[in-house]
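Below is one structure, written out as structure tokens; the observations come after it.
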Amino acid sequence: MSKIEAFLSADEEQDIVDAIRTAELNTSGEIRVHIEKTANGDATERALTVFHDLKMDNTKLQNAVLIYVAVNDKNFVIYGDKGINDVVEANFWDSTKNVIQSHFKQGRFKQGLIDGILKSGEQLKKHFPYSDDDINELTNEISKG
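Printed below as a string of structure tokens:
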């Protein structure tokens, strides 16, 4: 079993998808999680590539957030589109990253991702509240590289 398959069980993945659904209930924002073995270089650059590959830069309000995890590198990146980055406080992604990192250091990968997703959802809700004409622009499923 490779590290990527051992990172999360199928049940844990479903719990993360459920957290994404919960986080998106009160916002027009979109949240995705992408997991792969390695970034093969700079994790932030790879997260940006994945963000574009998943067409996350095509949301109407530019309010998508990607949580990218490179399992073998023991690294992750939170990447927010322009719309969300323009309105959150400067240290928002740092505080979200710290929440995830504290769980990851203890081997609690599922809980780290869930807490990061819910924290991102709260901020999205504040700046991009749900409206009746909102549609889910991106799948909630975890993508893998």
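Take the sequence shown: its position 2, counting from 1, is numbered 2 in full-length UniProt numbering, and each next residue is one higher.
C-beta atoms are modelled at their ideal positions from N, C-alpha and C, and glycine is treated no differently.
Note that the coordinates shown come from a computational prediction; the quantities given were computed from them, not determined experimentally.
Reduced DSSP secondary structure (H/G/I, E/B, other) of residue i
i, result
"E30", "strand"
"V88", "coil"
"G80", "strand"
"V17", "helix"
"K125", "helix"
"A43", "helix"
"N75", "strand"
"H103", "helix"
"L25", "coil"
"T59", "coil"
"L48", "helix"
"L8", "coil"
"L54", "coil"
First and last residue of the uninterrupted beta strand (DSSP E) at residue i
i, result
"I135", "Looking at the DSSP string, I135 is not in any beta strand (DSSP E), and its letter there is neither H nor E."
In DSSP terms, what residue i is bridged to
i, result
"A64", "E30"
"S143", "H34"
"A70", "E36, N75"
Cβ shell of residue i (< 6 angstroms), same chain only, five flanking positions each side left out
i, result
"F104", "G112"
"Y79", "A47, F51, L66"
"D73", "T38, A39"
"V88", "Q123"
"G29", "N63, L124, F128"
"D11", "none"
"E137", "E30, T59"
Identity of the residue in the options nearest residue i by Cα
i, options, result
"F120", "G41, D15, E141, T22", "Per the sequence presented here, residue 120 reads as Ser, with Phe not at that position. Residue T22 is the option with its Cα nearest to S120."
"K126", "I16, N85, D15", "N85"
"A15", "P129, V71, D115", "Residue identity check: residue 15 is Asp in the sequence provided, not Ala. Comparing Cα positions, the closest option is D115."
"D132", "T27, D11, Q101, A19", "T27"
"E24", "G145, N140, K144", "N140"
"F109", "F76, T49, S143, L61", "F76"
"D57", "I35, V69, T44, D81", "D81"
"G83", "R32, L61, A6, K55", "L61"
Residue-chain proximity (residue i, chain C), Cβ-Cβ < 8 angstroms
i, result
"S120", "Given the protein chain composition of this structure (a single chain), no chain C is represented."
Close-in-space but distant-in-sequence residues of the same chain around residue i (CB under 7 angstroms, 5 per side omitted)
i, result
"F92", "Q123"
"A19", "I114, I117, L118"
"I35", "I4, F7, V69, V71, I142, K144"
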